[in-house]
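Heads up, the thing below is written out as structure tokens.
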Amino acid sequence: MTFALRERVALSAETNACCLTNFVPVQLSEPTPQSLTLDLTAYLAATAICVRSGATDNEAFARTLTDARHKFSSFGVPPSVIRARQLVFFPRLDDISLVDGKFTVAEPQQPHLQLFDNFNDLNPKDISARHQSIERVADDCLEEMYADIDEAPDDLIHVTSSGYLAPSPVQRLAARRGWLRTTVTHGYHMGCYGGFSAIRMAHGFLASAQLGVTPPKERVDIVHTEILSAHHEVDELSSQNIVSMTLFADGFIKYSVATEDHLRSRGLAGLKILAYTEHLLADSADAETLAPGPTRFRIYISIMTPVFIKAAVTDLVQDLMRRAGLDFERERHRLMFAIHPGGPKVVEHIQSKLKLDDDQVAFSKAVLLENGNMSSATVPHILKSIVEEPSVPFGSRVIAIGFGPGLTMTGLLMQKI
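Residue numbers 1 to 417, in full-length UniProt numbering, belong to the letters of the sequence shown in order.
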């Protein structure tokens, strides 16, 4: 890099930094209480297992139900950790009744919400049919996100790990809106850290524009459509499947990565990006996997995952702070954290390892409690809470931490402005 170019890069970064702003979540269904999802899913699992095995007598069903409830009690995420979750493909409260200890569930009226070929037998549709349903939900979500927005973003990045379609829902949205000069990019299959990679892409797009490599840009939109409820398999009572069905939730959110000038000219609050880092963790490749099966994506998370994360997090955070010319030990108790709550113990492990106070990780725990694990959409929800919280003063530094397949750990250092 020549001296002139290096000087230009430094001046550009100094005078017009990139910022996260305008977080807009979307709710497509009422959150379902966790206690109900545990009870009803165990009941549906027992029903499906009895149908598959040909068991028709009440005693066989009672035994199967007792076993299912025991497994959900042992492996499921309890209501003390997750209070409620948005589950687009879970029965609506109005469609559920409980009489004499027996659930009655009405099939959804909308065809795209029907995940079973035969609802009475709970015979699941294949993954291709489920993706058609995912496409409809994603389309509805994007239309709601952009209902009052006419100004096209310069770039549009779609993040998901729960459904892949070509053309994608965001390409269809841009075409419908006539945003034919908006560049669409896809950040897929990275699991819960997908938003970090999207932010890095957006930062690069804006930096390229500031250097004159690409046309001028002010705003890159990032949209997350995570529809994990489309991948439930109610008749499998493995510990992994029960964890997946009771931990993961649907999450939808849009936000923008924009120049600091863009924010200030519109009077917007946000988070200025100061540094980014990403580490691949040794000997952990099989600790978290996601692969397509006949009817759903199969998600596996090893019980060792929190251990790998705890062992690596100090190095990640110290590296991140060094990149911004800061010392973690000196700044430790002045930082706010947005930690992806990948499971009930992840935030606690990181809090313990980094010696953080409860208030420093409170937003991460609160988002898990109120929403569940929304995969890549989770950290943006946490950042939204921090931006909008008056008790977090402007100028506060925020560290976001995510992880996903690889195992990959990512860190983002920001400042509230």
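Beta carbons: idealized from backbone N, C-alpha and C, even for Gly.
It should be emphasised that the depicted structure is a prediction, and the values quoted were computed from it without experimental measurement.
*To the nearest angstrom, how far is it from the Cα of Arg-332 to the Cα of Thr-41?*
Cα to Cα, the separation comes out at about 42 angstroms.
*Would you please state the rounded distance, in angstroms, between the beta carbons of His-203 and Pro-380? I believe it to be under 8 angstroms.*
Actually they do not touch by this definition, with Cβ atoms about 15 angstroms apart.
_Going by C-alpha to C-alpha distance, which of Phe-328, Met-409 and Lys-345 sits closest to Val-398?_
It is Phe-328.
*Run the CB neighbour count on Ser-35, radius 10 Å, all protein chains shown included, and call it buried at 16 or more, exposed below.*
Exposed: under 16 other Cβ atoms inside 10 Å.
*asked:* Distance check for Gln-240 and Ser-133, CA to CA, integer angstroms please.
replied: The straight-line gap from Cα to Cα measures roughly 24 angstroms.
*asked:* According to DSSP, simplified to helix, strand and coil, what is Met-190?
replied: Here Met-190 sits in coil by DSSP.
*Near Leu-44, which residues of its chain fall below 7 angstroms by C-beta distance, leaving aside the five closest residues on each side in sequence?*
Taken in chain order, the residues that qualify are Leu-122 and Val-234.
*Spatially closest choice to Gly-101 from Pro-108, Ala-362, His-262 and Ala-62, by CA coordinates*: For Gly-101, the nearest C-alpha among the options comes from Ala-62.
*In the DSSP assignment, find the unbroken alpha helix (DSSP H) run with Ser-385 in it and report its ends.*
Counted as a single uninterrupted DSSP element, the alpha helix (DSSP H) harbouring Ser-385 occupies residues 378-388.
*Would you identify the three-state DSSP class for Pro-215, choosing helix, strand or coil?*
Correct three-state label for Pro-215: coil.
*Distance CB(Lys-272)-CB(Met-414) smaller than 8 angstroms*: In this structure, Met-414 lies closer than 8 angstroms to Lys-272 by Cβ.
*Where does Arg-130 land, buried or exposed, given buried means 16+ other C-beta within 10 angstroms?*
By the 10 Å Cβ count, Arg-130 comes out buried.
*Would you mind sorting Phe-252 into buried or exposed? The rule is 16 or more other CB atoms within 10 Å of its CB.*
Residue burial annotation: Phe-252 is buried, with at least 16 other C-beta atoms found within 10 angstroms of its C-beta.
*asked:* If you follow the beta strand (DSSP E) that Glu-144 is in, where does it begin and where does it stop?
replied: DSSP places Glu-144 outside any beta strand (DSSP E); the residue lies instead in the alpha helix (DSSP H), whose first and last residues are 127-145.
*Contact check, Phe-72 vs Ser-229, beta carbons under 8 angstroms*: It is not a contact, given that the beta carbons lie outside the stated cut-off.
_Checking 8 angstroms against the spacing of the C-beta atoms, do Ser-376 and Val-159 come in under that value?_
The answer is yes: Cβ separation under 8 angstroms.
*In three-state terms, what does DSSP make of Met-414?*
Residue state, collapsed to three classes: strand.
*If Ile-417 sits next to Gly-270, beta carbons under 8 angstroms apart, how far is it from one beta carbon to the other, in whole angstroms?*
That belief holds up - the Cβ atoms of Ile-417 and Gly-270 are roughly 6 angstroms apart, short of 8 angstroms.
*Check each candidate in Glu-107, Ser-80 and Val-81 and name the one with the smallest Cα separation from residue 419.*
Because the chain is modelled from 1 through 417, residue 419 falls outside the range shown and cannot be assessed.
*asked:* For the alpha helix (DSSP H) containing Arg-330, name the first residue and the last one.
replied: Counted as a single uninterrupted DSSP element, the alpha helix (DSSP H) harbouring Arg-330 occupies residues 328-331.
_DSSP state of Phe-72 mapped onto helix, strand, coil_ = Here Phe-72 carries a helix assignment [DSSP, helix/strand/coil].
_Could you tell me the alpha carbon to alpha carbon distance between Asn-180 and Leu-173, rounded to whole angstroms?_
Correcting the residue identity first, residue 180 is Leu in this sequence and not Asn. The straight-line gap separating the alpha-carbon atoms of Leu-180 and Leu-173 is approximately 10 angstroms.
*Between the stretch 142-152 and the stretch 196-215, do three or more beta carbon pairs fall short of 8 angstroms?*
Cβ pair count under 8 angstroms is below three, so no.
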